[in-house]
Amino acid sequence: METETILLISDESEPEDSTTNRRRAEEQDPLEGKRNLRKKKPKIDNDRKDQMPTTSDKKDDENQEPAKIDPIEYETDTRYEILTTLEGACFQSRFPYDKMTTYEIVAFPEFTKKTTIEQRRIYLGIRNRILKMWLENVKQQLTYDFVVKNIEKPFDIDPVLIKRIFTFLERYGYINYGIFTKLEEIKEKRREKIIVIGAGISGLIAAQKLQSFGFEVIVLEARDRVGGRVATFRKSNYIADLGAMVVTGIYGNPITILAKQLDLELKKIKAQCPLFGSNGKLISKSKDEIMELEFNKILECTSYLSHVLDFNYADNTPISLGQAIEWIIKLQEKKIKMKKINYLKNIKEIQQEVISNEQAIADINSDILVLKDNLMQILDHQKVADDEENRLRLEFKKREIIRDLTKKRKEKNDKKKRNQELDAKLKELDEPPSDVYLSSEDRAILDWHLANLEFANATPLQNLSLKHWDQDDDFEFIGHHTTGEYTL
Ligand SMILES: Cc1cc2nc3c(=O)[nH]c(=O)nc-3n(C[C@H](O)[C@H](O)[C@H](O)COP(=O)(O)OP(=O)(O)OC[C@H]3O[C@@H](n4cnc5c(N)ncnc54)[C@H](O)[C@@H]3O)c2cc1C
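Next up, the structure:
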């Protein structure tokens, strides 16, 4: 019973945590990326693919298994469709299909762990069906009357609850947003006046929503045009978007709904992005891959510095992403230089040992010659020795010399063996490591990635805070990156 309760009511408003997202980003294919936009790659990873509901019609049923999309069909389909099955509608609306979010738990406190599973299933069933009804026809206002008339049994049981859920979804902008035909007049005019500062897309949508709730709204804009960062440059036949131009992931993205409402056909952007060197030649695939991995490694290091080591300030000043990246590059350069220095030190130490061993062998050889000479003399004396005591003394001396000779020969062999080992070591160290971390070509490619990151963030990396620059990563959209098609 407890297990089922946890499944239905979760404290997580987002089904995934940031660590999972980051890990996923690491696992993704390095080249099939939205590198034309962001540091991370857009390819839908398998886990998320499995969570993605199908776009095809199927019987609505709260209990059925999540449908799986065919990755091939999905990848090759250049048009997008709004997901309108129950699961699809939840996914499109960024709701977990079988859980209440924290916001919902706050708004509907009666659906706590004490309520029955059936009651919560009714709640989720109503919520999911309202989302579905909205997404099935986003060009027209979804009214409460329509919902009540069309919601099927047993979800029609409590009109008051339906009204509350409908109002909640409308209040938080999950339904009836964008550009659509209004079917009902604003019922209640509010006395409060609201000033919205800034006529960018956020301000405009907020103003529109507030107006639809009956408020009198004034939008103040500093510039002589609306749109904010969304701006299109036009000169004779040339048109360029100076701000937003790419829908960065179509699923769960309200912009896809706006596109649908405006009949704007979204075109899938090719994931490939070949790089060309300054000589105009294509950068090799292997070089491209290596440098993309290196770029991602550097970003991972910045993330480690910030999120694991909490190294976000230097001299009480916040560190920028640009600073951190340059430090990491310098540290890498230092590490490579240290590797070369250690290599040279190692070679020098080995060579010094070889020389001193050779010297020792030469010394041992002269000792052996002396000992051999002494031995010959003893043997000669032994031949002519006349008394027992003298013979014994010479025999003792002879054995002493033989013992020393054996010792010297062993020492010599040990030194020779050691020198053979050192020779082998020197051969192993034959290839000196490079003392350059990035060649000029490597650096140019890395600079492209850095510039691309600046483009994606619309500001130089020095202006981005190391600690917060990627705070929206967890809210990234998934699915193709698309763009609208213009006709002149
Ligand atoms: C070059 C570039 C490319 C981009 N590409 C994409 C993309 O491909 N896809 C994508 O999804 N996003 C992209 N973005 C980001 C996207 O444009 C923004 O996230 C979005 O437009 C932000 O909208 P906003 O309303 O929150 O802010 P803004 O668009 O910045 O709007 C804020 C408005 O407030 C006004 N304002 C500010 N202060 C005051 C004041 N004190 N009084 C009165 N008015 C004030 C400003 O003049 C401005 O009009 C890009 C941005 C840039 C710059």
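In the UniProt record's numbering, the protein residues as written are 1 to 488.
Even for Gly, the Cβ is constructed at its ideal location relative to N, Cα and C.
CB of residue i within 8 Å of CB of residue j, strictly
i, j, result
"Gly243", "Leu461", "no"
"Leu183", "Leu131", "no"
"Asp444", "Ser278", "Going by the sequence as given, residue 444 is Ala instead of Asp. Cβ distance < 8 Å, so Ala444 and Ser278 count as in contact."
"Ile378", "Lys397", "yes"
"Glu476", "Gly249", "yes"
"Ile269", "Thr483", "yes"
"Ile283", "Leu275", "yes"
"Val148", "Ile157", "no"
"Leu453", "Ile350", "no"
"Ile194", "Gly203", "no"
"Lys415", "Ile361", "yes"
"Lys467", "Asn312", "yes"
"Phe166", "Arg190", "no"
"Glu353", "Leu422", "yes"
"Ile82", "Lys260", "yes"
"Val219", "Ala207", "yes"
"Ile255", "Val230", "no"
"Pro154", "Ile117", "no"
"Tyr172", "Tyr251", "no"
"Asn342", "Leu429", "no"
"Asn374", "Ile401", "yes"
"Trp448", "Asn457", "no"
"Asn357", "Asn413", "no"
"Ser320", "Ser465", "yes"
Check: residue i C-beta below 7 Å from any heavy atom of ligand 1
i, result
"Leu242", "yes"
"Arg120", "no"
"Thr248", "yes"
"Val138", "no"
"Ser202", "yes"
"Ile197", "yes"
"Ala89", "no"
"Arg94", "no"
"Val217", "no"
"Gly228", "yes"
"Glu221", "yes"
"Met291", "no"
"Ala207", "no"
"Ala271", "no"
"Met245", "yes"
"Ala314", "no"
"Ala324", "no"
"Ala451", "no"
"Ala458", "yes"
Unbroken alpha helix (DSSP H) run spanning residue i, endpoints
i, result
"Arg94", "From DSSP, Arg94 is part of no alpha helix (DSSP H); its letter is neither H nor E."
"Tyr123", "117–136"
"Asp241", "Element bounds for Asp241: not the alpha helix (DSSP H) but the beta strand (DSSP E), 238–241."
"Met291", "285–303"
"Ala385", "Careful: Ala385 lies outside any alpha helix (DSSP H) and carries neither H nor E."
"Val148", "144–150"
"Thr85", "Element bounds for Thr85: n/a, residue is neither H nor E."
"Phe475", "Per DSSP, Phe475 belongs to no alpha helix (DSSP H) and is neither H nor E."
"Arg164", "159–171"
"Gln261", "254–261"
"Thr102", "102–107"
Endpoints, the beta strand (DSSP E) within which residue i is located
i, result
"Lys268", "266–268"
"Gly200", "Careful: Gly200 lies outside any beta strand (DSSP E) and carries neither H nor E."
"Val217", "216–220"
"Phe233", "232–235"
"Tyr437", "Premise fails: Tyr437 is in no beta strand (DSSP E) and is neither H nor E."
"Ile319", "Run containing Ile319: none; DSSP gives neither H nor E here."
"Thr483", "481–484"
Any non-hydrogen atom of ligand 2 within 7 Å of residue i CB
i, result
"Thr85", "No copy of ligand 2 occurs in the structure displayed; its ligands are ligand 1 alone."
Closer than 8 Å to chain B by CB, residue i
i, result
"Pro318", "Reference to chain B is not applicable here, since this structure consists of a single protein chain."
Checklist entry - Are at least three pairs of beta-carbons, each pair with one atom in the stretch 137–146 and one in the stretch 169–178, less than 8 Å apart? => result yes
Next on the checklist: Does the contact criterion of 3 or more C-beta pairs under 8 Å hold for the stretch 80–98 versus the stretch 119–131?
Outcome noted: yes
Checklist entry - Pairing CB atoms from the stretch 317–334 with CB atoms from the stretch 432–446, are three or more of them under 8 Å? => result yes
Next on the checklist: Pairs of beta-carbons, one from the stretch 336–344 and one from the stretch 359–374, closer than 8 Å: are there three or more?
Outcome noted: no
Next on the checklist: Can you confirm whether the stretch 285–302 touches the stretch 398–409 when touching is taken to mean that 3 or more C-beta pairs between the two stretches lie within less than 8 Å?
Outcome noted: no
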